[in-house]
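Using the working numbering, you'd call the opening residue of the sequence shown number 666 and step up by one each time.
We put the CB at the ideal spot given by N, CA and C, even for glycine.
Keep in mind the model is a prediction, meaning the values are calculated, not measured.
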Amino acid sequence: MKFLVTGVAGFIGFYTAKALLERGDEVVGIDNMNAYYDVALKKARLAELMPWGHFKFVKDDIAQKPVVDQLFVEHRPNRVIHLAAQAGVRHSLTHPYDYADANLMGFLNILEACRYNPVEHLVFASSSSVYGANTKIPFSERDNVDHPLSLYAASKKANELMAHTYAHLFGIPATGLRFFTVYGPWGRPDMALFIFTRKILAGEPIDVFNNGNQARDFTYIDDVAQGVVRVADHCPTPNLAWSGDHPDPASSSAPYRIYNIGNSAPVKLMDFIAFIEKATDRKAEMNFLPAQPGDVPITFADVSALQADFGFSPHTPIDQGIKNFVDWYRRYYQVG
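Written out as structure tokens, the structure reads:
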């Protein structure tokens, strides 16, 4: 099987490509290697993939239609795992056009390429941020998600709508995955675990937003990559019971599905910090601050659909996952 993985030098893209390569699949990866965060970390991830003879890397930008068209014509992937995106809720407050280029135009280029170069399955990254102002927990794929709280979240909801349109019009089997706060070794430097670990080890204070009164459904990266691969192996089919009278947002009369991938066990921010303190054997100095625009107080994934359809749900305990990250961080950055 030949897979195209977009955003292959990113956190989830790297782990997904690695999982596919380890089982013998051919992977073509593309990434524009932008400077949203440390490019050296992206290069180091790629260096881990390069030894596989069945891996090919293309450095280019999916927001450029000719690039994507040439990619599909030249490599003819059987399946596409689209993970490239401009990430970050807070970054979207100050750099909105980055999200239009990467998350909207980039995804449109992928959809058009799938339309004219038929693929068996398009799996694409959505986000738990689409739940926005929802307060009913746990968050279910069958909930209405029409009230995003950031442009990033709105762009991910737009991706779901765009994918459904192409599934309906052109029969492209498409599955969207709503990721819940992914963490682990090789993670993103703009995420809380990375920032807190770096500052705690350096003896610097950490900023704790909303005065610590929030919780996140932290999901370990190995679990996420396994979930992506399992989903990619099973193409969605139309839901024959779907009705426009009572439309189910998670499925369709088209070959389209939406799934949550989360640990289904929210962790309070103060407990999260305590786990980092234990793993680093350091005490955190905390600077308590108000909530940031675009943040939500809690995320909590209902993963019953993922369990029912794939016999899988994330399971790595948060304390073990944080320890694994801290151990990696110390090795990678040579911090005692």
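Counting pairs of Cβ atoms below 8 angstroms between the segment 873-881 and the segment 890-902, do you hit three or more? For the pair of segments examined, the segment 873-881 was found not to touch the segment 890-902: the number of CB pairs separated by less than 8 angstroms stays below three.
How many angstroms separate the CA atom of I837 from the CA atom of K730? Taking the straight line from one Cα to the other gives about 19 angstroms.
Same chain, Cβ closer than 6 angstroms to A819, neighbours up to 5 away in sequence not counted: Cβ within range, chain order: P813.
Inside the segment 744-814 only - alpha helix (DSSP H) runs reaching at least 4 residues: Qualifying alpha helix (DSSP H) stretches, in chain order: 756-759, 761-764 and 771-781.
Just to confirm, is the Cβ distance from A823 to L769 under 8 angstroms? Contact annotation: A823 and L769 have beta-carbon atoms nearer than 8 angstroms.
Do you know how far the Cα of T800 is from the Cα of R995? The straight-line gap from Cα to Cα measures roughly 38 angstroms.
Could you check how far apart the C-beta atoms of A684 and A890 are, in whole angstroms? I think they sit under 8 angstroms. Rounded, the Cβ-Cβ distance is 5 angstroms, consistent with contact.
Cβ shell of D913 (< 8 angstroms), same chain only, five flanking positions each side left out: Same-chain partners within the cutoff: R807, N904 and W907.
Let me know the secondary structure DSSP gives N699 once reduced to three states. Three-state result, N699: coil.
Residue from V1000, E739 and A712 with nearest C-alpha to I865: Taking I865 as reference, the option from V1000, E739 and A712 with the minimal CA-CA separation is V1000.
Looking at A970: is its Cβ nearer than 8 angstroms to the Cβ of P803? In this structure, A970 keeps its C-beta atom at 8 angstroms or more from the C-beta atom of P803.
I695 CB to nearest heavy atom of the ligand ADP below 7 angstroms: Within the structure as shown, the ligand ADP is missing, as the structure has no ligands at all.
Just how far apart, CA to CA, sit S792 and Y701? Rounded to whole angstroms, S792 to Y701 spans 18 angstroms at the Cα level.
Rounded to the nearest angstrom, how far is the Cβ of L748 from that of G672, given a contact under 8 angstroms? Contact flag correct, Cβ pair sits at about 4 angstroms.
Given T681, which residues of its chain have a CB within under 7 angstroms of its CB, disregarding the five upstream and five downstream residues? Cβ neighbours of T681 beyond the five flanking positions: V670, I746, L748, A890, V893 and V894.
A939, DSSP secondary structure in three states: Helix, per DSSP.
Measure the CB-CB distance between D696 and G718 and report whether it falls below 8 angstroms. For D696 and G718, no; Cβs fall outside 8 angstroms.
So, at 6 angstroms on beta carbons, what are the nonlocal neighbours of M935 in its own chain, with the 5 sequence-adjacent residues on each side left out? These residues qualify, in order along the chain: G877.
Contact between the segment 953-961 and the segment 841-860 is defined here as three or more beta-carbon pairs at a separation below 8 angstroms; is this criterion met? The segment 953-961 makes no contact with the segment 841-860, as fewer than three CB pairs between them are under 8 angstroms.
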